[in-house]
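Following: one structure in structure tokens, then a few remarks.
2 protein chains.
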Amino acid sequence: MTNEVETLSNAITENGYRLTAARKAVIETLVACGGHVSADQLAKRVREVAPQVGRMTVFRTLEVLGKVGVIRPIYQGTGAAHYVLMHKGSHHHLICIRCHQVIDFDQCESGDLTQRLGQKFDFQVQSHLLEVYGLCKNCR
Amino acid sequence: MTNEVETLSNAITENGYRLTAARKAVIETLVACGGHVSADQLAKRVREVAPQVGRMTVFRTLEVLGKVGVIRPIYQGTGAAHYVLMHKGSHHHLICIRCHQVIDFDQCESGDLTQRLGQKFDFQVQSHLLEVYGLCKNCR
DNA sequence: TGCAAGTTTGAGACTTAATATCAGTGATAT
DNA sequence: ATATCACTGATATTAAGTCTCAAACTTGCA
Ligand SMILES: [Mn+2]
Ligand SMILES: [Mn+2]
Ligand SMILES: [Zn+2]
Ligand SMILES: [Zn+2]
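Line order of the protein sequences matches chains A and B. If you use this note's numbering, the first sequence corresponds to residues 1192 to 1331, in order. If you use this note's numbering, the second sequence corresponds to residues 1192 to 1331, in order.
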């Protein structure tokens, strides 16, 4: 069991939800494919491993994981929401507005910023998403 | 005509698209309500002023505005994508994961960061979106 | 001005995504 | 064992997004 799976699982149990077999399957599949999938894409993959798991359960598990703050739906212009992992406290993208390529990056010095914001707005910061838009190497 | 309307209109014409009456109506309505609306919400409002404008035209105008970089669809967990204005080069949110309140803020010292990123990844930065998630004053 | 080529438009049909229901299962506590 | 409540998944329904096509409009050029 990878560390990510553990983090997501713990987030479930620590918030009073039950870590059922169906939810385990959803979490493991989501982590295995590194996020960036839609609910229906994920449901399809989950059912390759655990065919009994219904589509609704996938949607509901994603909802719970979002509620406890370890994943986040983002809009990628494909109709369906895609989910990214927030378990490290942040997620960062460079997105080309022409070819729609998404480049992940980890380094982000915005920790200070988010802390200051928290104070200013009396807000308990848990995580953040930074998306930078523009043109990639190939597209300009 | 407000400055925002002008910026969005110019983005249309400067990229070789035509600034038609229908597109003007969409832009004016979008700016008038400050963004943060879904395509269908916007279509409804546009038709209060310009009843002949079809739903498809609203979707297509939003697509064009996105392509030229002055608006951006975001996912707010409500099913439909919502559109925010990026004409100032950035957009920032504090979002409560419990009550889903969205607090806008303008100050963002991440200009440096995005510039460095641009160099590192050979990426021409145009704009960015920063969303900070957590619990608002009332929700903790 | 008259015409051709290309863009934009809007009605409607259609596909896909998301949500609501509800009876049934499984876990938990007493 | 029983009562209670969370969870599940099939199905139905609604909402959101996309596709198509003929008509209208622009624009550039003869
Ligand atoms: Mn990512
Ligand atoms: Mn905003
Ligand atoms: Zn690109
Ligand atoms: Zn709140």
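Quick reminder that beta carbons are idealized off the backbone N, C-alpha and C, glycines included.
Query: Using a threshold of 8 Å, state whether the C-beta atoms of residue 1288/B and residue 1326/B are closer than that.; Result: yes
Query: Using only the heavy atoms of ligand 3, determine whether one of them is closer than 7 Å to the beta carbon of residue 1210/A.; Result: no
Query: Check whether the Cβ of residue 1227/B lies closer than 7 Å to any heavy atom of ligand 6, and answer yes or no.; Result: Inclusion of ligand 6 in the displayed structure is not the case, the ligand content consisting of ligand 1, ligand 2, ligand 3 and ligand 4 alone.
Query: If you count every other CB in all the chains shown that lies within 10 Å of the CB of residue 1267/A, and 16 or more means buried, which is it?; Result: buried
Query: Hey, is residue 1268/B's beta-carbon within less than 8 Å of any beta-carbon in chain A?; Result: yes
Query: Just mark residue 1277/A as buried or exposed, buried being the case when its beta carbon has 16 or more other beta carbons within 10 Å.; Result: buried
Query: Using 8 Å as the Cβ pair cut-off and three pairs as the minimum, do the stretch 1307-1317 of chain A and the stretch 1301-1310 of chain B touch?; Result: no
Query: Assuming residue 1212/A is part of the alpha helix (DSSP H), what are its boundary residues?; Result: 1212-1223
Query: Starting from residue 1281/A, follow its DSSP beta bridges and name the residues at the other end.; Result: 1319/A
Query: For residue 1142/A and residue 1215/A, what's the separation of their Cα atoms in angstroms?; Result: The structure shown does not extend to residue 1142/A, since chain A is modelled only from 1192 to 1331, so the question has no answer here.
Query: Does any C-beta atom of chain B lie closer than 8 Å to the C-beta of residue 1275/A?; Result: no
Query: For residue 1222/A, tell me which candidate among 1211/A, 1317/A, 1251/A, 1275/A has the shortest Cα-Cα distance.; Result: 1275/A
Query: Is residue 1314/A near residue 1328/B, with beta carbons less than 8 Å apart?; Result: yes
Query: With distances taken from CA atoms, which of 1316/A, 1259/A, 1296/A is nearest residue 1322/A?; Result: 1296/A
Query: Once DSSP output is grouped into helix, strand and coil, what is the label at residue 1309/B?; Result: helix
Query: In angstroms, rounded to a whole number, what distance separates the CA positions of residue 1205/B and residue 1255/B?; Result: 12 Å
Query: Quick one: does the C-beta of residue 1284/A sit closer than 7 Å to a heavy atom of ligand 1?; Result: yes
Query: Contact defined as beta carbons within less than 8 Å: I believe residue 1213/A pairs with residue 1259/A. What is the distance between those atoms, to the nearest angstrom?; Result: Not quite, the Cβ-Cβ distance comes to about 17 Å (not below 8 Å), so this is no contact.
Query: Quick test of your reading: residue 1210/B and residue 1263/B, contact by CB under 8 Å. State the CB separation rounded to the nearest angstrom.; Result: About 20 Å separates the two Cβ atoms, so there is no contact after all.
Query: Got a sec: does ligand 2 put a non-hydrogen atom nearer than 7 Å to the Cβ of residue 1297/B?; Result: no
Query: Please work out which residues of its chain come closer than 6 Å, Cβ to Cβ, to residue 1271/A, disregarding the five sequence neighbours upstream and downstream, and give them in chain order.; Result: 1229
Query: Using a 10 Å radius around the Cβ and a threshold of 16 neighbouring Cβ atoms, would you call residue 1316/A buried or exposed?; Result: buried
Query: Tell me which residues pass a beta-carbon proximity test against ligand 4: closer than 7 Å to any heavy atom, given in chain order.; Result: 1287/B, 1289/B, 1290/B, 1292/B, 1326/B, 1327/B, 1329/B, 1330/B
Query: Looking at chain A, is there any beta carbon in it that lies within less than 8 Å of the beta carbon of residue 1205/B?; Result: no
Query: Under a three-way DSSP split, which group does residue 1271/A fall into?; Result: coil
Query: Could you pull the start and end residues of the alpha helix (DSSP H) that residue 1249/A belongs to?; Result: 1246-1258
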